[in-house]
Each structure stands twice: as structure tokens, then as C-alpha cells.
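In order, the protein sequences belong to chains A, B, C and D. Sequential numbering from 1 applies to the first sequence in our numbering. Sequential numbering from 1001 applies to the second sequence in our numbering. Sequential numbering from 2001 applies to the third sequence in our numbering. Sequential numbering from 3001 applies to the fourth sequence in our numbering. Quick reminder that beta carbons are idealized off the backbone N, C-alpha and C, glycines included. In what follows, a single structure is set out as C-alpha cells and then discussed.
Protein chains: 4
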Amino acid sequence: MNETWPYRTPGIPDDLFARGEVPMTKEEIRVVTLAKARLAPGQVIWDIGAGTGSLAVEAARQVPGGVVYAVERGGAGIELIEKNRLLFAVGNLVVVPGEAPDALVSLPGPDRVFIGGSGGKLDSIIRLSAGRLGAGGRLVINAVTLETVGEALGLLQMYFGSVEVVQLSVAKTVCSGGRHLLKSLNPVFIISAGKDHAG
Amino acid sequence: MNETWPYRTPGIPDDLFARGEVPMTKEEIRVVTLAKARLAPGQVIWDIGAGTGSLAVEAARQVPGGVVYAVERGGAGIELIEKNRLLFAVGNLVVVPGEAPDALVSLPGPDRVFIGGSGGKLDSIIRLSAGRLGAGGRLVINAVTLETVGEALGLLQMYFGSVEVVQLSVAKTVCSGGRHLLKSLNPVFIISAGKDHAG
Amino acid sequence: MNETWPYRTPGIPDDLFARGEVPMTKEEIRVVTLAKARLAPGQVIWDIGAGTGSLAVEAARQVPGGVVYAVERGGAGIELIEKNRLLFAVGNLVVVPGEAPDALVSLPGPDRVFIGGSGGKLDSIIRLSAGRLGAGGRLVINAVTLETVGEALGLLQMYFGSVEVVQLSVAKTVCSGGRHLLKSLNPVFIISAGKDHAG
Amino acid sequence: MNETWPYRTPGIPDDLFARGEVPMTKEEIRVVTLAKARLAPGQVIWDIGAGTGSLAVEAARQVPGGVVYAVERGGAGIELIEKNRLLFAVGNLVVVPGEAPDALVSLPGPDRVFIGGSGGKLDSIIRLSAGRLGAGGRLVINAVTLETVGEALGLLQMYFGSVEVVQLSVAKTVCSGGRHLLKSLNPVFIISAGKDHAG
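Structure below.
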């Protein structure tokens, strides 16, 4: 709980983050994504393709005593994540420059994995993540293309006991001439998968 | 953090709640509703038209040291809220049988107000809530009819400095013959309003 | 059936129209709007707030022997409607420069009325249209603001025997790097009302 | 133009059709599907997996001088299509009992193909259809599962010059206690593909 955002529920408004030109997970998508991951204190989290770091910042605030590794290959993204980490005074967020899956190998094993971007290597990223996640581990993918939805669904069914797909369509009002016009955000597929708890 | 649901992020799956025939705020709607309310430890919350209590239970878990008053007139609802309160071992949730706005008068002043149902008295409920909320207070309405959206929007603009409307459309897959069919939930308007922070 | 568009079903692709800066009813919205109007040869149609004329052009093609009056106050719109009328060689489309409801008074009584824009005079436009429509007449409104939906619904229920509201959300793929990204159009409310057939 | 439905625009209300237990293409989905097919008088149309025949009936009304072959394997469907053919007095609709692709082989070559159901043989149906469609021919698929979207997209890109995917989400009001509640239909993907016109 810092001064920039003293609340406990996730859902920091988009415009409080440093953003630049990097695409950002919008706040409504972000809170549902976090919900599907089921975060708890002490967890180790990989956020692959972390972009602006908005999801990583929110995740870090939900896992005190744990740590979020934000993996990002782009220079602009890395700078933004650092900025947002400082802005929200998040101490347990580590920026990991590099490309997945290579950049993942040396990281501590995760309890939760987020995939926001895969650089074309979804297959090997999911395979490696599934191998490193323990019993009860969860993986959540945000997909915006039909191809990613199809691939992710196929792969997750091979490695995980339960898979759920939610498509979220958000429309928000903007005020124009005293009237509230509905503007749509692009729909996002939130695909979440869980490993069975040990018997 | 109890044993039924040991996680910190909101978003308890719908089917973990006792439900009966009472309509329930679905988990994706619930987490966005909680996000718009911006909950923090110690807050006093009114949940008006609490239904099954799913929102009240999740809110209570986000405000340790605070308290959630779940106002509900229906007998079936009151029983369900009690059941869910016990199920998730939530100590700071108080069931208030009765109808708003009358049932609100004797409650401690709120930091946050949720309105899930108004029994046709949206006008007086909003007016009373706006009067009791202090600086920085927030009110969030879930509306499923066009009439409620219109009324709420008109009223909130009179009493609050900022108003936002988000329409959330959720489609979830169900598996049928090895294929994933998208099924829609009904769209919900999440209308949130904030009182300016004291200058 | 002309050479620019030799087909009979409505749904001319958006990019075949001359468009300029004037907002346009997108093709998917257009075909559902036309469907709700139930067009037939010989009908007289008012299209109020005709914009680019895309709806008027398509309507005119569905009512051979009838006529579409496209009412538009803006100079840019009037020019575009003329352009599109010529482009699709539609002979039974008459551009009516001016503002509704004043511009409607001297027009022949309609069988069908479309309202795409009302310049703040929805009340008097609906009242006048309802008075001029005969038994079995229909009126269809495209609304993009919550306030217009509310007003339209209230007014139509006073003057018409049956009223239906459909909200249409369209997402279309754009190809990017061999992948299909879903992009949303803003949602539109299509509100249609019918006068009872004479007994 | 018959007496049951004397209008020219597609979009016959769902409840005017004989329906039984067979799933039906809802009217808003139907009109956009027809639009994407670009129908004109004289065309030969295959409707594969015709279900209740609602799409086939509407298509037949748009192609006077042409013919629609409604291919359906289920007994209940075949009866319904016959009923609806009579109900709307459509003379140019031929019911073809049997399974695609086998049932297609002896049919006249199509100008347009609709696929509403494939019985697990989407691959061979698309391949055969693509081979029989001439220059300027079009194929439109209604898909409700993520797997069908993925397969269809992959296959159509191999055989057709242009492919478009539209996801349509429809919410309709139902009146309850004088209020208009929005109810969602399940989203449908309308995937349309065109063969280039001859050079």
C-alpha cells in the first residue's frame, strides 16, 4: 500500500501508469487475468512478455513475501517496467531483460505464470512453464489473435488438467456533449489452466 | 485467507458459493466491480441488494479491520449470505435484513457503497448514500436493465464529481464433443462514481 | 442492380462508399437495421440524419418503385449522399437538405422511418414520425449514446405497439504478421418499433 | 413475396419459423451471413448443415431464378426445412437428405456455399466446395466453437484469395416488470471467403 495507490483490490486505472507506445493490458482485463491466476502471498510469478509492467506491478502487490519476474525483450518495455515499479513503490518485482524461453531457464521455479506475449515461441514457453510449475500451479494467457487462442488451447490441454477460456469485451463511456458514448476495447481471450493439486 | 479459498486476489469461482435460486454476480463481473470500488483495509462498506452475498464475501476479504453490511430483504438471500459467510469464514460481514433506504439509516457511515438491487428505490438510495459517503467515497452500481442505467447515470452525475460506465460482456467456453463452444453471460453495466477528495 | 454492386442482399462493404470525415453506419449494423425495418417495393422511406447516405442507398435498392428521402443538415453529408447516389446509380433517392423535424413536414407520408441522428430533437422527430406513419408502419433508430437509448425507448413505448432493442457488438479481424487480430467496432443499439396493423 | 412474409429485406423473425429442437441461426446472425455471401438472382447455392432451413429459406427468396440446395442429414431437420419451405412458399429450395461431402458430389456447381454444420468433415467439405466454386464464388461459414474458427481460417486461406472473420455478439432486451433487461445470444463467428474474379 503506497501513496500512489493506497488500495488493496487490483485494478489500478490505466492512466496512472507510465505507458509510452507499448501496448498495455487494460485495467478490466488485468483484474480478470489476476483473478484467474489466484494469487497469494509468497508466490513466485513469471510474467512473460510483460510490456508496460502494469500486470506485473499489480501481481507484485498481491504477493507480499513473493516475487514477480517480469520478462521483457524490448528496450522500451524494460524502461517502462522500471518506471512503473518505482512509481508504485513495488519492491518485489524483478525485471528480466531477454527472450523467453531462454530467459526463463535460470529463474526460480514459478507458482504462477502469465503469458502476455510469446515472440512466436508459445509452444516452447508453455512446455517449459508446465514442466516447472508444481502441483496446484496455474498459467494464464492473454490472447488477442485467433491463432494464439487456437495454439494455446491445444497446448494447454496437453499439459494441464483443467483449461478455461473467457472472452472479455469491454465498452466504456466517453462523455461527448453531455452524452455518454460507448466505445469498445478490443476483445481479449483470457485462457487459464491449472495443474491438479497433488493427491 | 481461509482453507476454502486460500488466495488473496478476488474472483472466487461461482460454483464454490452456495447459490440456490437467487441471481448471482458472476465472478468476472464481481472482480471488475470490486476493482472500481477501490477497497482498502479498515473500510466500512454497504452492499445493498446483496443477493447470494458473493460480492459481500469477496469485499469483506479485502477490508480486514473494516466491515461489510450486506443489506437484503429476501429470506432466501439472507440465508444464503449467512451460508456463504460461514463457508468462507468471513468474520467482518454483517447481514442486515430489511429494505433500503430504511435499513441503511442506522448503519455506520460508509466508505464504499455497492448497489446490486434497489427494489425500485434507486433515487432515494443514491441520495442517502451520497449524503453519508465522505470525501473520496465511492459508489458502484451493477445494472442489467436499460432503465436502471439511465436513472443511475442521471442521479450519480448530480451527486458525484466523476462517473464512469463500463459495459462488460463475458463469453465462456463450455466443452462439447472435444470442442470449445462460446456461451455468453448477459452483459452488465458497472457504473462507478467517486466523491472528490477533500481539498 | 448496377455494375458497382450487382448483388441483391444488402451489405455493401464500407470501403466502396465515398466517406469523407462523416461517421458511417458500418455494414453489419446497416444490414441488421434494414432487416428490422422490413422493407418492400413501393415503400416511402424517411432517413433522418442520413450521414454518408450508406443506409439510404441500400434502402433505396430494396424499395424499387418507392422512394427514400435522405434528410441531412450538414453540407459535407449532403455532398457525400449525392456522390454515393451516383456511385451506386440509385434513382429513387432524394436528398433533402435541412433539419428535422422542420424538413419533414412537406415530405410525403412514410411507410418506414430511420433515425440515425436527431440534432437534439428526438422527441419532436419521433412524435411527428409516429403521427405520419400509418398502420403497419415501422421506425428504426440507431443509437450510440446511453442517453439516446433511454429517451428513444421511453418515447417509442408511448407511440408504438411493439418496441425491440438489440445491441450489436461487432469485432472484425485485421491481419498482422500472418495472425488475425480481433478489432471491435463500437456497439450500436438498434431500436425498432412497429405500429399495429389495422384491425 | 408471399403472404406469410411480404417483405424484401432478409431478417424474418425467428419465431415465425417452425423450429422444433433443432438449433437455429438467429435472425441478426442470418442477415449478416447473407450479406457476406452477396446473393443475386439466378445463383446456385449450397447450404450445408441447413438445420431448420431458416437461412436456406431466406437465401432462396434472394435468388429468384436460382436454386438453393439445403443439405441436411438429420431427420428432424429435413422435416423442418420442408415445413419452412411450405410456410414461406419458397419454390426454389430443394432439400437434399444426406451427409456432406458425399451428398454434394451430384449437385450442380454452386455460386455460393454456406456451411452451418460439417459433421466433423470441414476439411473435405471446404476442399470440395473450393474446387466447384467458379471465379467470384463465395463461401460463408458460421462457427460457434474455437476449434472450427481455427480450422476454417487455416483451410480458407489455402483455397481463397480473400478471407474475413467477423464475430457478432447480439444482446436483445426482454421486458420484465416494465424494465428492459439485456439478454445475450451466444457469439457467432461469420467467416467469409471469396475467389478472385477472373482476370
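7 Å Cβ shell around residue i - same chain, five flanking residues per side excluded
i, result
"R3132 of chain D", "G3109 and P3110"
"E27 of chain A", "G11, I12, P13 and D14"
"G1065 of chain B", "P1041 and G1042"
"L1087 of chain B", "T1004 and A1018"
"K121 of chain A", "A100 and P101"
"E1082 of chain B", "V1095"
"Q1167 of chain B", "P1187 and F1189"
Short CB-CB distance (under 8 Å) between residue i and chain B
i, result
"T9 of chain A", "yes"
"L16 of chain A", "no"
"L87 of chain A", "no"
"P23 of chain A", "no"
"V3068 of chain D", "no"
"V3144 of chain D", "yes"
Residue-chain proximity (residue i, chain C), Cβ-Cβ < 8 Å
i, result
"L122 of chain A", "no"
"E3027 of chain D", "yes"
"S118 of chain A", "no"
"L3034 of chain D", "yes"
"P209 of chain A", "Chain A is shown only over 1 to 199; residue 209 of chain A falls outside these bounds and no answer can be derived."
"K183 of chain A", "yes"
Given residue i as reference, the closest of the options once Cα atoms are compared
i, options, result
"D3123 of chain D", "D:T3004, D:E3151 and D:G3117", "D:E3151"
"A1143 of chain B", "B:G1049, B:V1067 and B:V1068", "B:G1049"
"P3023 of chain D", "D:G3077, D:G3194 and D:G3120", "D:G3077"
"G1134 of chain B", "B:G1161, B:T1009 and B:C1175", "B:G1161"
"V2057 of chain C", "C:E2021, C:P2101 and C:T2009", "C:T2009"
"E99 of chain A", "A:R112, A:K83, A:K183 and A:Y69", "A:Y69"
"Q1157 of chain B", "C:V2165, C:E2147, C:A2193 and C:G2117", "C:E2147"
"L3055 of chain D", "D:R3038, D:T3033, D:V3067 and D:E3072", "D:T3033"
"R1073 of chain B", "B:G1116, B:G1137 and B:G1091", "B:G1116"
"G2137 of chain C", "C:N2186, C:Y2159, C:C2175 and C:S2169", "C:Y2159"
"V90 of chain A", "A:A59, A:P101 and A:I126", "A:A59"
"S2184 of chain C", "C:S2169, C:A2035 and C:H2197", "C:S2169"
"A125 of chain A", "A:N84, A:V95 and A:W46", "Per the sequence presented here, residue 125 of chain A reads as Ile, with Ala not at that position. Measuring from the Cα of I125 of chain A, the nearest candidate turns out to be A:W46."
"S2129 of chain C", "C:G2120, C:R2112, C:T2145 and C:C2175", "C:R2112"
"V2096 of chain C", "C:L2139, C:A2037 and C:V2071", "C:V2071"
"I3029 of chain D", "D:P3187, D:L3139 and D:R3127", "D:P3187"
"R1179 of chain B", "D:G3178, D:T3145 and D:R3179", "D:T3145"
"L1016 of chain B", "B:V1044, B:G1075 and B:N1084", "B:N1084"
According to DSSP, residues forming a beta bridge with residue i
i, result
"L139 of chain A", "A:V113 and A:A193"
"A3070 of chain D", "D:D3047 and D:V3095"
"I1090 of chain B", "Note on residue identity: the sequence assigns Val, not Ile, to residue 1090 of chain B. According to DSSP, V1090 of chain B bridges with nothing at all."
"K1183 of chain B", "B:K1172"
"Q167 of chain A", "A:F189 and B:A1171"
"F3145 of chain D", "According to the sequence displayed, residue 3145 of chain D carries Thr and not Phe. For T3145 of chain D, which the question treats as bridged, DSSP gives the partners B:L1181."
"S2124 of chain C", "None; S2124 of chain C has no bridge partner."
"S2162 of chain C", "C:G2194"
Beta-carbon contacts of residue i that lie in its chain and below 8 Å, excluding the five residues immediately before and after
i, result
"R1019 of chain B", "T1052 and L1080"
"L1182 of chain B", "A1171, K1172 and T1173"
"L2153 of chain C", "V2163, V2165 and I2191"
"G1119 of chain B", "G1049, R1073, E1099 and A1100"
"V2094 of chain C", "V2067, V2068, Y2069 and A2070"
"L1155 of chain B", "L1122, D1123, I1126 and R1127"
Any C-beta of chain A under 8 Å from that of residue i
i, result
"V1140 of chain B", "no"
"V1031 of chain B", "yes"
"L1080 of chain B", "no"
6 Å Cβ shell around residue i - same chain, five flanking residues per side excluded
i, result
"N1092 of chain B", "A1060 and V1067"
"V2140 of chain C", "T2033, K2036, A2037, F2114 and S2192"
Contact with chain D by residue i, beta-carbon distance below 8 Å
i, result
"S1192 of chain B", "no"
Closer than 8 Å to chain E by CB, residue i
i, result
"R2138 of chain C", "The chain inventory of the structure shown lacks chain E, comprising the protein chains A, B, C and D."
* Got a sec: which bits of the segment 36-61 of chain A sit with their beta carbon under 8 Å from any beta carbon on chain B, in order along the chain? -> Residues K36, A37, R38, L39, A40 and P41.
* To do: Mind checking the segment 146-180 of chain A against chain D and listing, in chain order, the residues whose C-beta falls within less than 9 Å of any C-beta there?
  => Along the segment 146-180 of chain A, the positions whose C-beta sits under 9 Å from a C-beta of chain D are L146, E147, V149, G150, E151, L153, G154, V165, Q167 and S169, read in chain order.
* Taking a Cβ distance cut-off of 9 Å, strictly less, list which residues of the segment 3094-3115 of chain D are near chain B, in chain order. => If you check each beta-carbon in the segment 3094-3115 of chain D against every beta-carbon of chain B, none falls closer than 9 Å.
* With 7 Å as the C-beta to C-beta threshold (strictly closer), list the residues of the segment 1128-1139 of chain B near chain A in chain order. => Under the 7 Å Cβ criterion, the segment 1128-1139 of chain B contributes no residue.
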